[in-house]
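**Student:**
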Amino acid sequence: MHFHIMTLFPEMVLEGLCTSIIGRAAEKGCISIEAVNIRDYTLDKHKKVDDYTYGGGAGMLMQAQPVYDCWKALDEKINLRRSIEQKSSKNFSRTKVIYVTPQGEVFHQKKAMELSQEEDLIFLCGHYEGIDERVLEEIVTDYISIGDYVLTGGELPAMVIIDTVSRLVPGVLNNRESTETESHTNGLLEYPQYSRPEIWHEKKVPEVLLSGHHANIEKWRLEKSLERTKERRPDLFATYLKMNSP
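Take the sequence shown: its letters are residues 31 to 276, numbered as in the numbering used here.
1) When you compare each of Asp178, Gly184 and Val235 to Ile161 by their alpha carbons, which one comes out closest?
2) Could you tell me which residues DSSP puts in a beta bridge with Ile35?
3) Would you call Ser196 buried or exposed, if buried means 16 or more other Cβ atoms sit within 10 Å of its Cβ?
4) In whole angstroms, give me the CA-to-CA distance for Glu159 and His138.
5) Let me make sure I understand the geometry here. Which of Arg124, Leu145 and Trp101 has the alpha-carbon closest to that of Cys155?
6) Taking contact to mean at least 3 C-beta pairs separated by less than 8 Å, is the region 143–155 in contact with the region 33–51?
7) Compute the Euclidean distance between the alpha carbons of Phe33 and Glu148, then round it to the nearest angstrom.
8) Looking at the structure shown, is Gln133 part of a helix, part of a strand, or coil, going by DSSP?
9) Measuring only the C-alpha atoms, how far is Leu44 from Ile52?
10) Which of the three DSSP states, helix, strand or coil, is assigned to Glu141?
So this is what it looks like as structure tokens:
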């Protein structure tokens, strides 16, 4: 899977993603991560990409031209790679362009699973007061938010989404079961987990986990997932009951 990030701060994105599990996955070739500097596509000799907003207001706005030209070059490169890999010059389905914004659909695990089926994803990271609406209308396919709050730029949200989606790509995690038992995968929060030593600070590992009885362990884990979800996320618990009612 290939991730492409359109940004004013490519170093920030690459330094944040090219480490740990995601970095190792990129080294193995399970995924690829490319950060493209939007400033490289401005026609301004001073590499300026922003200007004042029409109608007044605080702050500056990213201009349409450098964003569009950056996307166009990236899209052409993606289609060229696909044609070489598939030895065909046919028209390909349009690559999703995700604009990370507080105005978008709130990101969740189901959306991550959906995006993990794509071959390429392009992320557009805004800054300042945002991006000229006209270019958003022209190139963006998905508007996604990671929560109801405002950040200084789109880089951190893009990294969050890429990290989440990457973990669902085959080969990224050594143990596929890891993604199947995590919080939100089945609509519930994950059950408590324990490791050595068996007793720590006078707290003992639950006996059922030491029993070796797999059916009882699975039953205990489901019970604890239900308890934890009901306590910490009653909204998810209500949805789970609704989806699993006879």
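Beta carbons: idealized from backbone N, C-alpha and C, even for Gly.
This structure is a prediction, so every number in the text was calculated from the model and none was measured.
**Tutor:** If we stick to the structure as given:
1) For the residues Asp178, Gly184 and Val235, the minimum Cα distance to Ile161 belongs to Gly184.
2) Partner(s): Ala65 and Phe153.
3) Counting Cβ neighbours within 10 Å, Ser196 comes out buried, since at least 16 surround it.
4) Distance between Glu159 and His138, taken at the CA atoms: about 25 Å.
5) Of the candidates Arg124, Leu145 and Trp101, the one whose C-alpha sits nearest the C-alpha of Cys155 is Trp101.
6) Yes, since at least three Cβ pairs between the region 143–155 and the region 33–51 fall closer than 8 Å, the two stretches touch.
7) Phe33 and Glu148 have their C-alpha atoms spaced approximately 10 Å apart.
8) DSSP places Gln133 in strand when its eight states are reduced to three.
9) Pairing Leu44 with Ile52, the inter-Cα distance amounts to about 11 Å.
10) Before going further, note that residue 141 is Lys rather than Glu in the sequence given. Three-state result, Lys141: helix.
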